[in-house]
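Novice: Following this message is one structure expressed as structure tokens.
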Amino acid sequence: MSQPQSMTSRLAAEFLGTGVLVFGGCGAAIFSAKVISSNTVNMGIGFLGVALAFGVTVLVMVYAVGHISGAHFNPAVTLGAALAGRIEWKAVPAYWITQIIGASVAGLALFAIATGKHGFDPVASGFASNGYADRSPDGYSMLSALLAEIILTAIFLYVILGSTDGRAPRGFAGISIGLSLTLIHLVAIPITNTSVNPARSLGVAWFAGPAALGQVWLFIVAPLVGAAIAGLTYPLFFPNPAVSMAVEMDRGPGTASAA
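Counting the sequence shown from 1 gives a position; this note's numbering is that position plus 44.
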């Protein structure tokens, strides 16, 4: 049985994991998605490479610190986990604050590196920020962005909750979670540049100018809505009798009938 971790350790793990996610995923989008060689050939990694970068960063950090904090790295994941009974509610504000700080520190590091290139403009480039309408990579509307982010975040939470369910095969959660995030990015990069994570969105929006900050509300609200849908419905769709029995035993004799 794993030993309980201190809140300090848990928050340190969330800070590190969220920072690595933003630095790795958004860094790939900023530096590597499009790299034009001297003979005008694009040597960049493109959408597929960026999608893999996000998926791989989550995969490796789940195995690195998941045993410490649960490897949320995302306020939406924390909300969904709390609604599903996987984390205590009193920890949610601290997780959220830490995740946003970790993402913002990573965004600052990316900004410091990117501005070392002559002529780089974080506002003109978009700086891996999320957007809709004129800021959507392929011109999708606000409604399209809202629906995509809600649906894809809900899917992400179902994968996370299912992969970390006590009935699931042990040791494979990081793989399924990382691959699901890769799939989500393959779908959503053309629509919104893919958020499904308010911390990831805020972490780079600070540096992408007023237009990015003006649209970031959607990438806070939509992922939280999607996570709430999954967090509330997962226990209803897939109840775990073993957990219910353990709860009843913990209440003690006579308590269940009085509830």
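Glycine included, C-beta positions come from ideal geometry on N, C-alpha and C.
Nearest by alpha-carbon distance to Ile219: which of Val100, Ser53, Ile74 and Phe59 is it?
Specialist: Of the candidates Val100, Ser53, Ile74 and Phe59, the one whose C-alpha sits nearest the C-alpha of Ile219 is Val100.
Novice: Under the three-state reduction of DSSP, which class applies to Ile80: helix, strand or coil?
Specialist: Ile80 falls in the strand class under three-state DSSP.
Novice: I'd like to know if the stretch 196 to 207 and the stretch 150 to 161 are in contact, where contact means that at least 3 CB-CB pairs between them fall below 8 Å.
Specialist: With a cut-off of 8 Å, the stretch 150 to 161 and the stretch 196 to 207 do not count as touching, because too few Cβ pairs lie within range.
Novice: How many Å lie between Ala158 and Phe75 at the Cα?
Specialist: About 8 Å.
Novice: Let's test the definition: count the other Cβ atoms within 10 Å of the Cβ of Thr299 and tell me whether it reaches 16, buried, or not, exposed.
Specialist: Residue confidence for Thr299 is low, a pLDDT of 32 falling below 50, so the modelled location carries little weight and cannot support an answer.
Novice: Since Ile235 and Ser180 are thought to touch, with beta carbons under 8 Å apart, how far apart are those beta carbons, to the nearest angstrom?
Specialist: Between Ser180 and Ile235 the Cβ distance is about 6 Å, and since that is below 8 Å, they are a contact.
Novice: Would you decide whether Ser82 is buried or exposed? Buried here means 16 or more other CB atoms lie within 10 Å of its CB.
Specialist: Counting Cβ neighbours within 10 Å, Ser82 comes out exposed, since fewer than 16 surround it.
Novice: Express the C-alpha separation of Asp209 and Gly215 in angstroms, rounding to a whole number.
Specialist: Going by the C-alpha atoms only, they are around 11 Å apart.
Novice: Evaluate contact between the stretch 93 to 113 and the stretch 247 to 259, counting only Cβ atoms and requiring at least three cross-stretch pairs below 8 Å.
Specialist: As far as the Cβ criterion goes, the stretch 93 to 113 does not touch the stretch 247 to 259, which means the pair count is below three.
Novice: How would you call Ile193, buried or exposed, if buried means at least 16 neighbouring beta carbons within 10 angstroms?
Specialist: First, the amino acid is wrong: residue 193 is Glu here, not Ile. That one is buried.
Novice: Can you check DSSP and say which residues form a bridge with Asn86?
Specialist: Per DSSP, Ile80.
Novice: Does the beta-carbon distance from Ala272 to Val121 come in below 8 Å?
Specialist: Not in contact: Ala272 and Val121 (Cβ atoms no closer than 8 Å).
Novice: How long is the line joining the alpha carbons of Ile221 and His116, rounded to whole angstroms?
Specialist: When rounded, the distance between both Cα atoms is 11 Å.
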